[in-house]
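Residue numbers (the numbering used here), protein chains in the order written: chain A, 1 to 354; chain B, 355 to 708; chain C, 709 to 1062.
Only one structure is covered here, and it is reproduced in the block below.
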Amino acid sequence: MFLKNAWYVAGWDTEIHADTLLARRLLGEDLVLFRGENGLFVALEDRCCHRLAPLSKGQREGNNVRCMYHGLVFDGSGRCVEVPGQDRIPERLCVRSYPVVERDHLIWVWMGRPELATPDTIHDTHWHDCPGWQAERGGYIHYESNVQLIADNLLDFSHLGFVHNRSIGTRKQGNVRPDVDFADESVAVRFTTLDSPPPPFVRELSTLPESVDRFNYYVWHIRGNYFVQDSVVAPVGGGYDSTDPTTVKLHTFIALTPRDEHTTHYFWSTAHNEFCSSAQELTSKLTVQVARAFQEDREIIEAQQRSINAAPDAPMGAIAADGTLLRVRRMLDVMLGREAQESPASAVQPGVPA
Amino acid sequence: MFLKNAWYVAGWDTEIHADTLLARRLLGEDLVLFRGENGLFVALEDRCCHRLAPLSKGQREGNNVRCMYHGLVFDGSGRCVEVPGQDRIPERLCVRSYPVVERDHLIWVWMGRPELATPDTIHDTHWHDCPGWQAERGGYIHYESNVQLIADNLLDFSHLGFVHNRSIGTRKQGNVRPDVDFADESVAVRFTTLDSPPPPFVRELSTLPESVDRFNYYVWHIRGNYFVQDSVVAPVGGGYDSTDPTTVKLHTFIALTPRDEHTTHYFWSTAHNEFCSSAQELTSKLTVQVARAFQEDREIIEAQQRSINAAPDAPMGAIAADGTLLRVRRMLDVMLGREAQESPASAVQPGVPA
Amino acid sequence: MFLKNAWYVAGWDTEIHADTLLARRLLGEDLVLFRGENGLFVALEDRCCHRLAPLSKGQREGNNVRCMYHGLVFDGSGRCVEVPGQDRIPERLCVRSYPVVERDHLIWVWMGRPELATPDTIHDTHWHDCPGWQAERGGYIHYESNVQLIADNLLDFSHLGFVHNRSIGTRKQGNVRPDVDFADESVAVRFTTLDSPPPPFVRELSTLPESVDRFNYYVWHIRGNYFVQDSVVAPVGGGYDSTDPTTVKLHTFIALTPRDEHTTHYFWSTAHNEFCSSAQELTSKLTVQVARAFQEDREIIEAQQRSINAAPDAPMGAIAADGTLLRVRRMLDVMLGREAQESPASAVQPGVPA
């Protein structure tokens, strides 16, 4: 059901302090995440191979973790390095270890075959921490829904006209037809709303006139389930590259990591250019507005999920706007099929360290 | 499991105000109920045929409802009349519509084949709003039990001697043998308790003497699951038609609408003649007493349901008093069998407007 | 899954006052426990054989219990002795009765074939109420876990070094190798920790020196799932029979009664000799310490159970310390197999009084 050979966002670096053992379920698997004394992150199966107690109830010791039921110690590769009262430690005593990388304040974990993990393919989100951009990181929403319903939502911006018509959207956006370009494992969408009133949040935060052009250009990455958007609100005629000083430019990052079949982690951040002087205050205000809009999404999507649960066989009737998301689902199916052929289920062995 | 071709009470008219979209599950199906600008009630499947979001999270527009996910609009017949950004609307875009009638402040919905819906068979409950009677309408209890256990309760009044011996019943009623008349799809019960102390609630509310005759005459309607009772508490010897001014006369209406297999809607009202001067105050006091008794029923029936859930195969041992309810169950089985023959499951098509 | 032919602790005598009808689930069966006017305890199936309402929602009348739905009365043998409004009572109207014995303030119930119940095999716990010992009785913990995980915990005291290293254990105990003697249906463990610091709780309560010998001698009884421990903390060299007046001697009793497959009743008591003058105060303090340690167990075991539920097929990897608990599981399997042969399921008939 989920692509395994992918880097998934597992958390924000700020979630893990000195001794933290962070328990997190990803793709239906229970992991414990921590940072060793050497500063490196570790991601292990959160289940002691002895009596299956969670390692996240244990304690960090140096670069290792000790299960606090019977005292077994595991290193970052998942190998058991101590059994109290026992000299010889059999090799089979180990837990699964996952490749893990911290990049731009995000913790990415590779959920598939370790030998395929390639840290250089991790997406660049440098605006989380660079000059010229003000970023609010650390956004998190727990979703009581399958990941696909949320991806569908991001892939059809016509919902801005209805779900968000009191926050970041305007009714006119319900009728916009986007430009869409498909690549191998991603889709680029250009959603343009010309000469129309600014959305409520822009009206509140900026000095833009009563009619604006709006550009939502985003890419959805199927492998890893993340969304990267450049959006611009400019005076009419200024275009996507508008240099008018009142122009609002935003980067939005959203990573959807399946918690399991029924629930999803939604990690997000926003960054903006310095379109007004009191940037810090603006960042907070903007984040409040975006966070509200994301909650609007969550409400309708969780309601949709409950509705589907109540009638699992109810068919969905396609409309013209569904073209993109339907094609993305077919692309995902192809990628899943290819992965199943290349990486038979038996290739990933829980309990065998990387 | 449930008769489909029947009018079921779906709610009280007071539950639906100007813009209300009332979500209600009936017989395992999710409906949205609203009143159009034209004053007519509408009952639709509560699941947009596009992406299955609940219509009850949308908004009423005139006589229609708009899904507030992607903006589709449906009229009262369930037909989609608007898809934002799309000119042609295929006929298959529709949701199921249910016949609905408001009568005497109750909203009745027909859950079966629409062509069989006959509003003239809806039960007359004119005392909800007529001279000579004071009524408290709007009673509602959510039951965590199957509908049948509640029907059984109403069909055997010997429980008044035990469940209600501190409210509306007296111990003597535990031994009463009722007169029972069966009709095609209903049963009429005359439960008479002569020359005995009045129940606690009558003692509190009326000036009747310390010994009274009590007549509980009720009809249980199998199709639609409702109960209509005339009850009289009169001075000894006055009889059911007693004209003594201290006589207490009540109408009780209870409609049991299955929410699903496990839960039930219990709608109820009480009305009484003007047996004392301060009628309004009396109505409220009486309603409090009756409501308390209905909660006594709920407590024992929900406990019974939990007990059955814990031991689904435990047999029930019949006693003499069970004759009526056992025969009613057999009548229901016959009616269900007849409906299954006449209306094969395929005859009712979700997603096809009436 | 559970041995039926065994005495299980069902509760403490103090849980049942004059009119109490105590509902308690044991081994997946719902029982009602009460004490008749004659002072004798009664244990019946908590499900009226008429309409399956719980008898525990009824009322005690003399030595009997009346169902407060339709008024049937059952005596201590489970026979129905009254049906309101009906003269003849068929023999089939009865509920199952369980042998029950009160002994040393504990209520023991026999869950298997009544003819095999032998009260003389009930374990002696006289220290609950005898000279020379101060006891705190009445301990109870509800566990959200299968009984076996708790039994495993009690059978491997090496967890004292980790789970309890801030309460009743010391790290050194993680490495102790116990002496173990197996009998037919029990196992005796001698867990000895010589010349080491006293555990935190002893340090707080006694005047023992900074180095002590510690003896945890306990027997686990497979039939009935209970644990009886004599433990001694003595000055170094004093031995298990130390007569030094600072020696701390404790009796601990723990009975694990399966509530069902997923939950467990944990009844416990502690008793101690008079090792200091203010015995009553000490008893309370000691009990607080022990209770805290038992909560430490509950936390790790419930976490372990959740972890197992999340990955039911995850294998457990044995370490050297697991020898005892693995052998006990095999002994239990043999006993279960023998019981299945001797007492086919049909031999215990719910609804047939003993």
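Backbone N, C-alpha and C define an ideal beta-carbon position, used for all residues, glycine too.
Keep in mind it's a predicted model, so treat the numbers as computed, not measured.
Asked                                                                                                                        : Found
Interface partners of G439 of chain B on chain A, CB under 8 Å                                                               : S158, G174, N175, V176, R177, A320 and A321
For N924 of chain C, the first and last residue of its enclosing alpha helix (DSSP H)                                        : Run containing N924 of chain C: none in the alpha helix (DSSP H); it sits in the beta strand (DSSP E), V920 to H929.
Same chain, Cβ closer than 8 Å to H929 of chain C, five either side skipped, listed in chain order                           : H831, E893, S894, F935 and V936
Residues near P197 of chain A by beta carbon distance below 7 Å, same chain, minus five either side                          : T170, E210 and S211
Partner residues on chain A for F870 of chain C, Cβ-Cβ distance less than 7 Å                                                : M68, Y69, H70 and G71
Simplified DSSP state of V541 of chain B, which is helix, strand or coil                                                     : strand
Any chain C beta carbon closer than 9 Å to P551 of chain B                                                                   : no
Close-in-space but distant-in-sequence residues of the same chain around I370 of chain B (CB under 7 Å, 5 per side omitted)  : L376, L387, F388 and R389
L780 of chain C versus I797 of chain C: straight-line alpha-carbon distance, rounded                                         : 10 Å
Cβ pair G393 of chain B, L460 of chain B closer than 9 Å                                                                     : no
3 or more residues per run - each beta strand (DSSP E) lying fully within the segment 486-541 of chain B                     : 488-497 and 533-536
Sheet register partners of L106 of chain A (DSSP bridge)                                                                     : A:W12 and A:R103
Y851 of chain C versus P114 of chain A: straight-line alpha-carbon distance, rounded                                         : 39 Å
DSSP state of R821 of chain C mapped onto helix, strand, coil                                                                : coil
Under 8 Å from the C-beta of S307 of chain A: neighbouring residues of chain B                                               : D384, D400, R401, L406, A407 and P408
Paired residues, beta bridge with V602 of chain B - DSSP                                                                     : B:V587
Interfacial residues, the segment 89-104 of chain A to chain C, with Cβ spacing under 7 Å                                    : R92 and L93
Burial state of Q997 of chain C (16 or more Cβ within 10 Å)                                                                  : buried
Interface residues of chain B facing A402 of chain A [CB-CB closer than 8 Å]                                                 : There is no way to answer for residue 402 of chain A, as the model of chain A reaches only from 1 to 354.
Where the beta strand (DSSP E) containing V386 of chain B begins and where it ends                                           : E383 to R389
Inter-stretch contact at 8 Å, needing at least 3 Cβ pairs: the segment 832-847 of chain C / the segment 1014-1021 of chain C : no
Of the residues B:A645, B:L610, B:S560 and B:P612, the one placed nearest K603 of chain B, counting alpha carbons only       : B:S560
Rounded separation between A1029 of chain C and A18 of chain A - CA only                                                     : 32 Å
With 16 other Cβ atoms within 10 Å as the buried cut-off, status of P532 of chain B                                          : buried
DSSP-derived helix/strand/coil call for V449 of chain B                                                                      : coil
Cβ shell of S277 of chain A (< 8 Å), same chain only, five flanking positions each side left out                             : With a pLDDT of 44 at S277 of chain A, under the threshold of 50, the modelled position of this residue cannot be trusted, and the question is left open.
Chain B contact for R688 of chain C (CB, 9 Å cutoff)                                                                         : This structure cannot speak to residue 688 of chain C, because chain C is shown only from 709 to 1062.
7 Å Cβ cut-off: residues of chain A touching K411 of chain B                                                                 : I300 and A303
Environment of M709 of chain C [buried if 16+ CB atoms lie within 10 Å]                                                      : exposed
Assigned exposure category for R967 of chain C - 16 Cβ within 10 Å defines buried                                            : buried
Within chain C, partners of A505 of chain B - CB distance below 8 Å                                                          : Here the premise fails: no neighbours, minimum Cβ distance about 12 Å.
Endpoints, beta strand (DSSP E) assigned at Q413 of chain B                                                                  : Q413 to E415
At least three beta-carbon pairs within less than 8 Å, the segment 160-175 of chain A to the segment 232-252 of chain A      : no
Reduced DSSP secondary structure (H/G/I, E/B, other) of P473 of chain B                                                      : helix
Local conformation of S904 of chain C per DSSP, three classes                                                                : strand
Segment limits, beta strand (DSSP E) that includes R1035 of chain C                                                          : Not the beta strand (DSSP E): R1035 of chain C falls in the alpha helix (DSSP H), residues G1031 to E1050.
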